[in-house]
Every structure is written in C-alpha cells, then in structure tokens.
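J.: This is the structure I want to talk about, given as structure tokens.
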Amino acid sequence: MVDPSAIADPYPLYRELRETAPLFRTQMSGTWVISGFENARNLLRDPRCGSPPDEGSIGPVSIDGSPRRQFDRDNVSMLFLNPPDHTRIRGLVSRAFTPRRVERLRPEVAAMTDGLLDDLGGSGDFVDRVAFPLPANVISELVGVPQTDRDWLRPRIADLSASLEPVSTPEQIDRAEAAALQARAYLSDLIRTRRADPQDDLLTGLIQASDGEDRLSENEVISNVLLIYAAGFETTTQLLSNMVRALVAHPDQLQLLRDDPSLIPAAVEEVLRYDPPVQVDGRYLFEDIEVGEVTIPAGSTTLMLLAAANRDPSVCSDPDRFDITRSDTQLLSFGSGIHFCLGAALARLEGQVVLERLLSRYQSWSISEQTWRPRITIRGVERLIVEFQ
Ligand code: HEM
Numbered sequence: 004m005v006d007p008s009a010i011a012d013p014y015p016l017y018r019e020l021r022e023t024a025p026l027f028r029t030q031m032s033g034t035w036v037i038s039g040f041e042n043a044r045n046l047l048r049d050p051r052c053g054s055p056p057d058e059g060s061i062g063p064v065s066i067d068g069s070p071r072r073q074f075d076r077d078n079v080s081m082l083f084l085n086p087p088d089h090t091r092i093r094g095l096v097s098r099a100f101t102p103r104r105v106e107r108l109r110p111e112v113a114a115m116t117d118g119l120l121d122d123l124g125g126s127g128d129f130v131d132r133v134a135f136p137l138p139a140n141v142i143s144e145l146v147g148v149p150q151t152d153r154d155w156l157r158p159r160i161a162d163l164s165a166s167l168e169p170v171s172t173p174e175q176i177d178r179a180e181a182a183a184l185q186a187r188a189y190l191s192d193l194i195r196t197r198r199a200d201p202q203d204d205l206l207t208g209l210i211q212a213s214d215g216e217d218r219l220s221e222n223e224v225i226s227n228v229l230l231i232y233a234a235g236f237e238t239t240t241q242l243l244s245n246m247v248r249a250l251v252a253h254p255d256q257l258q259l260l261r262d263d264p265s266l267i268p269a270a271v272e273e274v275l276r277y278d279p280p281v282q283v284d285g286r287y288l289f290e291d292i293e294v295g296e297v298t299i300p301a302g303s304t305t306l307m308l309l310a311a312a313n314r315d316p317s318v319c320s321d322p323d324r325f326d327i328t329r330s331d332t333q334l335l336s337f338g339s340g341i342h343f344c345l346g347a348a349l350a351r352l353e354g355q356v357v358l359e360r361l362l363s364r365y366q367s368w369s370i371s372e373q374t375w376r377p378r379i380t381i382r383g384v385e386r387l388i389v390e391f392q
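Residue 193 in this note's numbering sits at position 190 of the sequence shown, with consecutive numbering throughout.
Structure follows, in structure tokens:
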C-alpha cells in the first residue's frame, strides 16, 4: 500500500483484496486487514474494539524500525480514548461544537473561498493556494485563533498530522513532536487570554463546557483543539482536491452539475464515497471477535480499508463508476460508531461552498500536473496545478 503506484491508484489493489482476501493477517506486522463494508462497519461499531490500552502502541511506527515513541496519556485526545473517558470528553466537546456554530460559518467560508480564488487568479497550485489554507483558516475561525497567528500555526499543525499515520519517518516523528510542544504552549497562552476575556468561539466554549461539576482540564482542552486541527485540516484539503480531480476526470458529471446545481450536496457525497481522504482506520481488539468464519484473537490490531469498503458491490451498484446522481450512498469515509467524525458537517459545508463558488466562477476546468503525498491514512495530492476559465 505504500508503493508510489498504489498510492496514486490503490483501487485495483482494494478490489483484489475484497475479492480474494477480504480478511487477512499481514506477515509483517500481524495486523488484520479488512476490506468489505459490513465487516469494517461492524468492527468500527463493536464495543469490544477500541484504542490499545497501552500508550506505547499509540502513534506511528518509525520506518527505520526504531522503538515506537511513548505518547503521554495526559496529552491524548478523544480519538485515542475508550469509554468511559471517551464518552465524557466527546460529550463535553460536542456541547461546544454545535451545528449552529458550524452553520454560522457558511458566509465566512464563502468569503474566504472567494478571497483565495481571487488570489489564485484562475491558474496555479490549487492545493497550496486554496485547498490547504481554506480548512486551516476555517478551523482557526471556529476555534478563535486570531488572524495574526494563523500563518505561524498552520505549518505546525501540518507537521503534527504525521502522528495520525501508521508509519512515518524518524524525521517526520521528530517534527511532529516539536510542533506539538510549540502548538501546546501557544494554546495555553490563548486559553489564559480567553479566560480573562471570553469570546463567542469554540475555545471559550470548551473552557466553559461543563456537565454539572465536570469540566475539561486545560490539557484536555489543548489536546482536543489540536485533534480538531489535525483531524479537520488536511482531511478537508484532500476532500477539496479530490473533488476537483474527480470532476475534471468526469466532464459529463461536471456538466450535470452545471445543468442542475441542486446536485451539489450529492456530488460532495459521491466524492467522499469514491475517493475518501481518510483511507484507513484502525482498532484494537479487547476480546476475541468472530468475523465470518474467522476468530480474530483478543490483543490483535485491525486495519479497516475505508476506501475499499466504500466500493463494496454489496452496498453500492457499479461502485467504480463516479456518479453524482446516486441517492442511497452508504459510506465509511467519516468512520462509524462512537468515534464517528465530529467535523463531518463542517467538511461537507466546505465541500459544498467551494464547489458552488467554482461552478459559478468558471466554465472550464483542467489539470496539468499532480503529485502525490507519500501518506496512506490521509491520502491525497500535495500539488495540483489547475487552470480554471
Ligand atoms: C473530509 C474531511 C474529513 C474526513 C474524511 C474525516 C474523517 C474522520 C474519520 C474517518 C474519523 C474516525 C476516526 C476513527 O474511527 O478512529 C474522524 C474522527 C474525527 N474527526 Fe474527522 N474527518 C474530516 C473532517 C473533520 C473536520 C473538519 C473536523 C473538525 C473541525 C474533524 C474532527 C474529527 C474529530 C474530533 C474526530 C474524533 C472523534 C472521536 O474520537 O470521537 N474531522 N474523522
């Protein structure tokens, strides 16, 4: 899966796995790999699965085989927690991350998109100029990070996201750790400012979130703000890039959208199904679990191939066809169960706004060059040279 040709197009490999080995154990790491929709969804929802109990197993394995770095449990976000800790923190964070707060961003997202498209001027690198800065600025707006600090914070968050990969280089891991320290110190200062002068933003909401006597500690606020950045930034970058790539590759579907812009939400859904930004999701088994005729033993790790599951013909007819008129789409692109993506509504909103702005501005879209990032959890392009007219 880490081979450059598989990163550029993993779908033939996913199909082969689904058809010939929908459940198999890798010889290298002993991880169980699952590619069918039903098995992947069931495991994601199964309370007998979760994050490994030992913090030594969180974070990427170094590609040079050096021992895995220890992550401090106190600095771990909800993504790596199990109930009851996960339930408590997710409950408090969801209280501040309200649909109202997300929907209120719509005009702001449209204004930011227009500003970035003006700067792009019709041609250039869509990732660097639009798809990368937009989600980071949107999350900064949501969290309440001042405009003047955003350019400083953005590259640190990008470095941090390497910690979500199953495998990274030692240099990437060093950079992720240094970035985490700097970003934590920055947020600690910002929390002090917000305590003294509360604002109508997510950071103030998290500081104030309480359930009776229960509150988030400062460490919990910081870890979960960093998660919201790390989980919400490059994932959305890739949604926006995948959207442009898929529509340029399928001009008939682009024409359908021009004829009927009410298809915009369905088109974003189809991009999420057809080419999801997060391709894999992992779980640790606390107990033996039967998957079909196989028993996966307690203590095993599993890797769900979300992108393969989305194209399982048992839940999607003609799954390799990109078709924005589908209406009954089932997808695992945002996960499933208790860790279901908290930012799904925001990601969809950004996809819809960018698509609407691109359609209203440009008649002709083309791509002259694209380069892939060497990443498999958040897969996508690091460079996408476009020409919009
Ligand atoms: C297209 C964009 C996005 C994709 C594909 C995506 C995908 C995912 C997936 C697959 C998970 C589940 C992880 C697991 O099961 O272990 C997840 C969790 C999460 N996502 Fe997203 N995400 C996106 C955008 C966002 C945004 C914009 C935010 C916030 C601003 C966000 C915040 C989160 C959080 C906080 C979690 C952890 C929830 C928990 O552990 O309970 N995501 N996301």
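Every residue gets a Cβ at the ideal spot worked out from N, C-alpha and C, and that includes glycine.
Throw me the rounded Cβ distance for the Leu266 and Thr328 pair, which I believe falls under 8 Å.
T.: 7 Å
J.: Please determine whether the Cβ atom of Ile231 lies at a distance below 7 Å from any heavy atom of ligand 1.
T.: yes
J.: Would a C-beta distance cut-off of 8 Å place Leu193 and Leu205 closer than the cut-off?
T.: In this structure, Leu205 does not lie closer than 8 Å to Leu193 by Cβ.
J.: If contact is defined by three or more beta carbon pairs under 8 Å, each pair taking one atom from either stretch, is the stretch 123 to 141 in contact with the stretch 351 to 369?
T.: Yes: at least three Cβ pairs fall under 8 Å.
J.: Please indicate yes or no: does the CB of Ser226 lie closer than 7 Å to some heavy atom of ligand 1?
T.: no
J.: What residues match up with Ser126 in a beta bridge as DSSP calls it?
T.: DSSP output for Ser126 lists Glu390 as bridge partner(s).
J.: Is Val281 a contact residue of ligand 1, with contact defined as CB to any heavy atom under 7 Å?
T.: Inclusion of Val281 in the 7 Å shell around ligand 1 follows from its C-beta lying nearer than that to a non-hydrogen atom of the ligand.
J.: With a threshold of 8 Å on Cβ separation, who are the neighbours of Leu20 within its own chain once the five nearest residues in sequence on each side are excluded?
T.: Cβ within range, chain order: Phe27, Val36, Ser38, Leu308 and Ala311.
J.: When you compare only the Cα positions, how much space is there between Pro316 and Asn222?
T.: 44 Å
J.: Taking Leu163 as the reference, give the member of Leu123, Asp117, Leu229 and Phe129 with the closest Cα.
T.: Leu229
J.: Reducing DSSP to helix, strand and coil, say where Glu443 ends up.
T.: Residue 443 lies beyond the range of the chain shown here (4 to 392); nothing can be said about it.
J.: Kindly examine ligand 1 and report whether one of its heavy atoms sits closer than 7 Å to the Cβ of Ile1.
T.: In this structure the chain extends from 4 to 392, so residue 1 is not present and cannot be described.
J.: Roughly how many whole angstroms lie between the Cα atoms of Leu275 and Asp214?
T.: Approximately 34 Å, taken between the alpha carbons.
J.: Closest to Gly208 by C-alpha separation, out of Asp128, Phe83 and Thr101, would be which residue?
T.: The residue from Asp128, Phe83 and Thr101 with its alpha-carbon nearest to that of Gly208 is Thr101.
J.: Check whether the Cβ of Thr239 sits closer than 7 Å to any heavy atom of ligand 1, and report yes or no.
T.: yes
J.: Look at the alpha carbon of Met4 and the alpha carbon of Gln175, and state the distance between them as a whole number of angstroms.
T.: For Met4 and Gln175, the gap between their C-alpha atoms comes out near 19 Å.
J.: What residue does the alpha helix (DSSP H) around Ser369 start on, and which one ends it?
T.: Run containing Ser369: none in the alpha helix (DSSP H); it sits in the beta strand (DSSP E), Trp368 to Trp375.
J.: For Arg153 and Ser143, I'd like the C-alpha separation in whole angstroms.
T.: The straight-line gap from Cα to Cα measures roughly 7 Å.
J.: My parser needs the alpha helix (DSSP H) runs of 4 or more residues fully inside the stretch 302 to 378; what are they?
T.: If we require 4 residues or more, the alpha helix (DSSP H) runs fully inside the stretch 302 to 378 come out as 309 to 313 and 347 to 364.
J.: Kindly identify the DSSP beta-bridge partner or partners of Ser213.
T.: Arg218
J.: Short check: CB of Leu108 to CB of Val141, under 8 Å?
T.: yes
J.: In chain order, what residues of the same chain have a beta carbon less than 8 Å from the beta carbon of Arg132, not counting five sequence neighbours either side?
T.: Leu119, Asp122 and Leu123
J.: Please specify which runs of the beta strand (DSSP E), each continuous and at least 3 residues long, are wholly inside the stretch 235 to 294, giving them in chain order.
T.: 283 to 288 and 292 to 294
J.: Alpha carbons only, please: which of Ala43, Ser220 and Pro280 is nearest the one belonging to Trp375?
T.: Pro280
J.: Going by DSSP, what residue range makes up the beta strand (DSSP E) through Leu167?
T.: Looking at the DSSP string, Leu167 is not in any beta strand (DSSP E), and its letter there is neither H nor E.
J.: Buried or exposed for Val297, going by 16 or more other Cβ atoms inside 10 Å?
T.: exposed
J.: Please identify the residue among Gly235, Leu387, Pro268 and Asn227 whose C-alpha is closest to the C-alpha of Ile381.
T.: Gly235
J.: By a C-beta neighbour count over all protein chains shown, 10 Å radius and 16 as the cutoff for buried, is Arg248 buried or exposed?
T.: buried
J.: Ignore the nearest five residues each way along the sequence and tell me which others in Val146's own chain have a CB closer than 8 Å to its CB.
T.: Asp204, Leu205, Leu206, Val228, Ile231 and Tyr232
J.: Run the CB neighbour count on Gln241, radius 10 Å, all protein chains shown included, and call it buried at 16 or more, exposed below.
T.: buried
J.: Under 7 Å from any heavy atom of ligand 1, does the C-beta of Arg93 make it?
T.: yes
J.: Does the distance from the C-beta atom of Gly53 to that of Phe337 stay below 8 Å?
T.: no
J.: Is it true that the CB of Ala348 sits closer than 8 Å to the CB of Glu237?
T.: no
J.: Below 7 Å, is the gap between the Cβ of Cys319 and the nearest heavy atom of ligand 1?
T.: no
J.: Measure the C-alpha to C-alpha separation of Ser80 and Ser226 and round it to an integer number of angstroms.
T.: 5 Å
J.: Cβ atoms of Leu82 and His342: under 8 Å apart, would you say?
T.: A contact, by the Cβ cut-off of 8 Å.
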